[in-house]
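Participant: If you read the sequence shown in full-length UniProt numbering, its first letter stands for residue 1, the second for the next number, and so on. Here's a structure for you.
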Amino acid sequence: MDERKYVDAVEQDLQQRKADFHKKVADVRQVLVELNLDGGVLSYAHNFAWLTGGGRSFINMATEGGVGSLYVDASQVVLITNEIEGHRLINEEFNGLQGEIKLHEYPWYASHNAIEVAKQLAKSDRVEVDTTSTAFADRINVLRATLTEHEISLFRSLGKDCGRIIGEVARSVRPSMTEWEVAAQLSEKSWVVGITPIVVLIAADERIDAIRHPLPTNKRVKNKVMLVLCGRRAGFVLSVTRMVYITTTPNATVPTDLLRRHDAATYVDAVVIAKTVPGAVASDLFKAIQDAYREKGFDGEWKLHHQGGCAGYQSREWIANPALQCVVGANQAFAWNPSVTGTKSEDTVLIQATAAGKVTHEVLSESPDWPLIKHTVDGVTVARPGILHLAF
């Protein structure tokens with residue numbers, strides 16, 4: 001890398017990055033063999049990041065696509081992009097992989113089609129792309145959901161930072177701050193450590209009761225605040241929510257009804273986390289969520305918002321519903337997000353299993369010194385974030 005011009009966009013061990021890249025390329029090639037294809041194209045930004053160890057193909061953060069596609073066949077990996085982006089992607093986004101990926105450039109003003117370029121490279125029409133509903137795309141989705149050891153280390157680091165950041169910002173909330181101001185603090189602290197805040201939701205007081213996805217506004221904080229951060233780094237997206245309640249009169253406490261609702265939300269969260277084990281089916285997990293809501297006296301609350309699911313290179317790789325048959329695997333991450341009107345519980349959790357079959361649930365997004373609520377489900381004790389009470 002020419003340090004005068006380029007900066008490494010993804011800080012990680014380059015030897016591990018290269019080894020991870022080789023493993024994934026081998027996996028993609030095996031898929032091509034099994035599907036009788038001569039080549040495959042990864043155009044989605046999340047698949048681009050997955051294959052390259054976090055390479056960013058996007059310019060506009062609000063799009064699923066990017067300015068480059070990756071072509072893979074039995075003998076080569078080729079970056080297909082325009083002349084504006086090629087040198088940057090190779091030298092900044094692919095640091096450590098420069099010798100592994102060839103470059104196919106075209107003028108920015110020339111029309112192009114990545115799949116047509118791929119067919120020319122393959123000298124065959126038996127080429128599929130991830131942006132269409134194909135067996136190739138489905139197989140890539142399955143590969144992407146299960147994390148390698150290198151990916152787990154990167155995800156852990158992201159979780160540690162996101163959990164710390166949202167906890168710090170939550171403690172800094174004061175009466176009369178606007179939702180915009182709270183959001184600005186979350187965003188600033190994220191960018192400082194290389195995290196792209198792709199989703200920042202802030203709601204104050206009655207907006208929490210009315211809106212499940214509260215984009216920040218100029219509403220000022222009185223008592224209750226919900227903070228949500230989905231932060232992306234090295235391709236991974238970490239989701240976390242925290243609740244705060246502020247009192248300004250002596251001996252004031254968090255309202256009993258809010259505590260009851262939050263206890264219910266954390267119970268539902270604990271139930272589904274405890275039951276998220278290798279071999280569990282998404283539809284069965286969703287049924288457990290429905291039953292937990294009913295048990296706590298909030299039957300039907302699940303209809304007001306999705307409940308989360310598998311996490312990784314997208315905020316959700318899949319979202320559980322009554323019919324979904326996706327199966328949980330070891331070394332997968334999950335972000336469940338049950339909500340009861342007025343509150344919500346959410347962390348990103350890593351599921352692992354030992355050779356002896358012991359399953360562990362590691363909360364990646366813990367916030368230091370945050371109050372916790374513990375629930376025991378099927379013999380598993382799960383700690384969930386409580387409501388932080390700030391008394392002034």
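Every residue, glycine too, gets a C-beta built ideally from N, C-alpha and C.
#1: Should residue 76 be flagged as near chain C, meaning a C-beta pair shorter than 8 Å?
#2: According to DSSP, is residue 326 helix, strand or coil?
#3: Can you give me the Cβ contacts of residue 6 inside the same chain, cut-off strictly under 7 Å, excluding the 5 residues immediately before and after it?
#4: List the DSSP bridge partners of residue 387.
#5: Pair every Cβ in the stretch 302-317 with every Cβ in the stretch 233-241, then say whether three or more of these pairs are closer than 8 Å.
#6: From 164, 197, 300 and 256, pick the residue whose C-alpha is nearest to that of residue 242; which is it?
#7: Using 10 angstroms around the beta-carbon of residue 132, count the other beta-carbons present and answer buried if the total reaches 16, otherwise exposed.
#8: State the CB to CB distance for the pair residue 244 and residue 387, rounded to an integer number of angstroms; the pair is presumed to be in contact (CB under 8 Å).
#9: For residue 280, I'd like the list of residues in its chain whose CB is within less than 6 Å of its CB, leaving aside the five on either flank, ordered along the chain.
#10: On the DSSP bridge assignment, give the partners of residue 334 in chain order.
#11: Could you name the residues of the same chain whose beta carbon sits closer than 6 Å to that of residue 122, not counting the 5 residues immediately before and after it, in chain order?
#12: Mark residue 61 as exposed unless 16 or more other C-beta atoms lie within 10 angstroms of its C-beta, in which case mark it buried.
#13: Output the boundary residues of the alpha helix (DSSP H) element that contains residue 379.
#14: From the DSSP output, which residues share a beta bridge with residue 361?
#15: Quick check on this structure: which residue in 50, 63 and 41 has the alpha carbon closest to the alpha carbon of residue 427?
#16: Is it true that the CB of residue 101 sits closer than 8 Å to the CB of residue 79?
#17: Who does residue 343 pair with in a DSSP beta bridge?
#18: Out of 223, 247 and 155, point me to the one whose CA is closest to residue 333's CA.
#19: Assuming residue 204 and residue 179 form a contact by the criterion Cβ under 8 Å, report the distance between their Cβ atoms to the nearest whole angstrom.
#20: Should residue 66 be labelled buried (16 or more other beta-carbon atoms within 10 Å of its own) or exposed?
#21: Determine the direct distance from the alpha carbon of residue 221 to that of residue 18, and round the result to whole angstroms.
#22: Please return the same chain residues whose Cβ sits closer than 7 Å to the Cβ of residue 176, not counting the five positions on each side in sequence.
#23: Evaluate the contact criterion for the stretch 265-280 versus the stretch 375-383: three or more CB pairs, one atom per stretch, below 8 Å.
#24: In chain order, what residues of the same chain have a beta carbon less than 6 Å from the beta carbon of residue 264, not counting five sequence neighbours either side?
#25: Out of curiosity, what's the CA-to-CA distance linking residue 142 and residue 310?
#26: Alpha carbon to alpha carbon, how far is residue 129 from residue 137? Give it in angstroms, no decimals.
#27: To the nearest angstrom, report how far apart residue 231 and residue 76 are at their CA atoms.
#28: Run the CB neighbour count on residue 228, radius 10 Å, all protein chains shown included, and call it buried at 16 or more, exposed below.
#29: What are the start and end residues of each continuous beta strand (DSSP E) run of 3 or more residues lying completely inside the stretch 82-145, in chain order?
#30: Could you work out which residue in 305, 196, 191 and 111 is closest to residue 214 when comparing CA atoms only?
#31: In whole angstroms, what separates the C-alpha of residue 389 from that of residue 381?
#32: For residue 153, which option in 266, 54 and 391 has the closest C-alpha, if you only look at C-alpha atoms?
#33: For a test of the three-state rule: what should DSSP assign to residue 374, helix, strand or coil?
#34: Quick one: Cα of residue 288 to Cα of residue 21, how far?
#35: Could you compute how far the alpha carbon of residue 247 sits from the alpha carbon of residue 363?
#36: Considering only the beta carbon of each residue, do residue 161 and residue 95 sit closer than 8 Å?
Facilitator: So, from the listed chains and residues:
#1: Structure shown: chain C not included; a single protein chain is present.
#2: Under the three-state reduction of DSSP, residue 326 is assigned to coil, being neither helix nor strand.
#3: So the qualifying residues of the chain are 91 and 92.
#4: In DSSP, residue 387 forms a bridge with 243.
#5: yes
#6: 164
#7: Burial call: exposed.
#8: Contact flag correct, Cβ pair sits at about 7 Å.
#9: 328
#10: 310 and 349
#11: 38, 39 and 73
#12: exposed
#13: Careful: residue 379 lies outside any alpha helix (DSSP H) and carries neither H nor E.
#14: 351
#15: Only positions 1 to 392 of the chain appear in the structure, and residue 427 is not among them; the question remains open.
#16: Going by C-beta atoms, residue 79 is nearer than 8 Å to residue 101.
#17: 340
#18: 155
#19: The Cβ separation is near 6 Å, so the contact holds.
#20: buried
#21: 47 Å
#22: 220 and 221
#23: Taking a cut-off of 8 Å for Cβ pairs, the stretch 265-280 and the stretch 375-383 touch, as three or more such pairs fall below it.
#24: 296, 298 and 340
#25: 11 Å
#26: 7 Å
#27: 32 Å
#28: buried
#29: 102-106 and 127-129
#30: Here the closest residue by C-alpha is 305.
#31: 24 Å
#32: Nearest Cα to residue 153 within the set 266, 54 and 391: 54.
#33: strand
#34: 37 Å
#35: 29 Å
#36: No, these two residues do not count as a Cβ contact at 8 Å.
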